[in-house]
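So the protein lines, in turn, are chains A and B. To get this note's numbering, take the position in the first sequence, counting from 1, and add 4. Under this note's numbering, the second sequence has 94 at position 106, and the numbering climbs by one with no breaks. What follows is a single structure, written as structure tokens, with notes after it.
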Amino acid sequence: DGGITQSPKYLFRKEGQNVTLSCEQNLNHDAMYWYRQDPGQGLRLIYYSQIVNDFQKGDIAEGYSVSREKKESFPLTVTSAQKNPTAFYLCASRSGVIGNQPQHFGDGTRLSIL
Amino acid sequence: SQKIEQNSEALNIQEGKTATLTCNYTNYSPAYLQWYRQDPGRGPVFLLLIRENEKEKRKERLKVTFDTTLKQSLFHITASQPADSATYLCALDPMDSSYKLIFGSGTRLLVRP
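Here's what the structure looks like:
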């Protein structure tokens, strides 16, 4: 079945540590996205990529980094510079540029601080 | 400033009633508006899309309206069931060729048996 796979489902970070969240899609979508969701809040865009080897900052990119070396993969690194990383992280993909295409989401990674 | 707003208070209704959720936006002119369902600990799932030239869109027990004059979309679930309990998010395309969607914060729906 086509879809988006995020791993791990739960992740714990120690102080000063970088951690990487995995996102893989087999939908052959060009665009991929990372969102952060905090309790009672909406989705906030961290980074997005419209094509391989290209990505743009979203609204809250500070303390995060991404890469897009393959169409199927868009990993997110939460760096030690992100002082409040505890949140639910969602990866999504989308096939087209115009607004009539829905986003397809993975089931998220919940990141906590040890 | 540009905003997309949904009622932050949970909507609590009796099974069998119609649930109506509201999405308001300001300073956008979207050609499309989308609705998603999110269950706890899961990613959002796409439900319906409505275009600016469509006043109403239906899918089974779901109905969405889109009023570009009021800058508002309404999402209705008729004959609601406890299984409809979830958070519902609206999203719009800012029409800036960025591939982005702008999401509201969602409204939690609780359907009592």
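Glycine is no exception: its CB is placed at the ideal position from the N, C-alpha and C atoms. Quantities reported herein were computed from a predicted structural model and do not represent experimental measurements.
Does Y93 of chain A get closer than 8 Å to chain B when you measure Cβ to Cβ? no
On a Cα-Cα basis, can you pick out the residue from A:Q86, A:F16, A:L25 that is closest to G112 of chain A? A:L25
Boundaries of the beta strand (DSSP E) in which I64 of chain A is found, first to last residue: Note, I64 of chain A: premise wrong, no beta strand (DSSP E); not H, not E.
So, for Q41 of chain A: in the same chain, excluding its five sequence neighbours on each side, which residues have a beta-carbon less than 7 Å away from its beta-carbon? L47, A91, F92, L94
According to a CB-to-CB cut-off of less than 9 Å, which residues of the segment 100 to 115 of chain A neighbour chain B? G100, V101, I102, G103, N104, Q105, P106, Q107, H108, F109, G110, D111, G112, R114
With a threshold of 8 Å, are at least 3 pairs of Cβ atoms found where one atom belongs to the segment 25 to 40 of chain A and the other to the segment 10 to 17 of chain A? yes
Alpha carbon of A96 of chain A to alpha carbon of P18 of chain B, nearest angstrom: 20 Å
If you measure from the beta carbon of L80 of chain A to each beta carbon in chain B, is any gap under 8 Å? no
Pull up the DSSP beta-bridge partners for V82 of chain A, would you. A:V23, A:Y68
Could you tell me the alpha carbon to alpha carbon distance between Y87 of chain B and Q54 of chain A, rounded to whole angstroms? 7 Å
Inter-stretch contact (C-beta, 8 Å, three-pair minimum) for the segment 7 to 24 of chain B and the segment 75 to 82 of chain B: Touching, yes, given that three or more Cβ pairs across the two stretches are closer than 8 Å.
With 16 other Cβ atoms within 10 Å as the buried cut-off, status of A35 of chain A: Buried is the call here.
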